[in-house]
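Residue 30 in the working numbering sits at position 25 of the sequence shown; the count goes up by one each step and never skips.
Written below as structure tokens is the structure these notes are about.
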Amino acid sequence: MAYTTAVARRELLDAIAVAIDAIADALASLGLAYEQLDDAHADDLEELLFRPVQRAYGRAKRTHAQFAERHELPGREFATPNPRAPSIGVKGLIESAVEAVGRAENELVALQDSLMPIEVGDAQLRAGLSEVRELIGGLSGRARLCADVRTLKRTDRSSRRR
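Now the structure itself:
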């Protein structure tokens with residue numbers, strides 16, 4: 006029984022890691038989008054999208070590390086992803102971030118539906134996963150507020166002549 010619990014816990018950590026990697030992809034895209042906007046629109050993007058995703062990323066990594074430590078399992082270092090080319094523009098970068106967050110959310114939903122967090126997880130893990138989902142939930146709606154095409158076309162630094 007202990008062997009299967011240990012294996013299941015490793016699988017649980019692997020699934021969380023997939024979600025963390027997707028959130029990291031979103032952060033990279035949002036970081037590039039931020040750099041291409043004027044200050045006012047960059048501040049909006051930071052408040053509505055970047056900060057919640059950044060907090061979700063930190064919380065997910067902390068949840069992963071603490072669960073691994075509590076159950077004496079190996080942790081994992083998460084590499085910074087290579088962001089997409091900025092040539093896709095702000096709108097494309099935001100869409101890429103929304104898609105990446107969607108992948109993360111789907112992974113967490115599937116994980117929670119599998120009941121693994123209940124069967125081999127613990128209360129702290131479940132609370133951490135819930136917080137991550139809360140932070141990234143509704144991101145596509147918030148992205149629509151940032152991705153007003155007319156606004157982005159006027160403020161996208163990559164579309165300005167130098």
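Even for Gly, the Cβ is constructed at its ideal location relative to N, Cα and C.
Counting the other Cβ atoms within 10 Å of the Cβ of Gly63 gives fewer than 16, which makes it exposed. Around the beta carbon of Leu144, 16 or more other beta carbons sit within 10 angstroms, so the residue counts as buried. In the DSSP assignment, Leu140 falls within the unbroken alpha helix (DSSP H) covering 128 to 141.
In this structure, Ala84 lies away from Leu32, with their beta-carbon atoms at least 9 Å apart. In the structure shown, the three-state DSSP call for Thr68 is helix.
Counting of Cβ neighbours within 10 angstroms places Asp30 among the buried residues, the total reaching 16 or more. Apart from sequence neighbours up to five positions away, no residue of its chain approaches Leu120 with a beta-carbon distance below 8 Å.
Here Ile123 is exposed: its Cβ has fewer than 16 other Cβ atoms, across all protein chains shown, within 10 Å. Apart from the 5 residues on each side of it in sequence, Arg15 sits with its Cβ closer than 8 Å to the Cβ of Leu78 in its chain, given in chain order. Counted as a single uninterrupted DSSP element, the alpha helix (DSSP H) harbouring Glu104 occupies residues 94 to 118. Excluding sequence positions up to five before and after Ile25, its CB lies within less than 8 Å of the CB of Tyr62, Ala65, Lys66, His69, Phe83, Ala109, all in the same chain and listed in chain order.
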